[in-house]
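Engineer:
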Amino acid sequence: MEVKENKIEFDIEELAPLLIANKTEGFRQIGEKILNAILEKEFETF
């Protein structure tokens, strides 16, 4: 998962199995991945 300018790019093949296995846990993990990608991008700017 990458943040480019104001867009987040991700591989659907990586995220789909998380949702298929368990929607609640999958959404939590996807949210965590998005937050981590944003935080990494923010730290790169410093």
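In our numbering, each number is its position in the sequence shown, counted from 1, plus 4. Note that the Cβ used here is the ideal one computed from N, Cα and C, for glycine as well.
1) With A41 and I12 assumed to form a contact (beta carbons below 8 Å), what rounded beta-carbon distance in angstroms separates them?
2) Please report how far the alpha carbon of I34 lies from the alpha carbon of V7, in whole angstroms.
3) What are the boundary residues of the beta strand (DSSP E) that includes E9?
4) E46 bridges to which residues according to DSSP?
5) Excluding sequence positions up to five away, which residues of its chain have a Cβ less than 7 Å from the Cβ of K45?
Structural biologist: Once the coordinates are examined:
1) Counting from one through the sequence shown, the residue named residue 41 turns up at place 37. Counting from one through the sequence shown, the residue named residue 12 turns up at place 8. With 8 Å as the limit, A41 and I12 qualify as a contact, their Cβ atoms being about 6 Å apart.
2) Walking along the sequence shown from the start, residue 34 turns up at place 30. Walking along the sequence shown from the start, residue 7 turns up at place 3. Going from the Cα of I34 to the Cα of V7 covers about 14 Å.
3) On the sequence shown, position 5 is the one that residue 9 refers to. First-last for E9: undefined, no H or E at that position.
4) Taking the sequence shown and counting its residues from 1, the one referred to as residue 46 is at position 42. According to DSSP, which records beta bridges pairwise, E46 is partnered with nothing at all.
5) Your numbering for residue 45 matches position 41 in the sequence shown. Cβ within range, chain order: V7.
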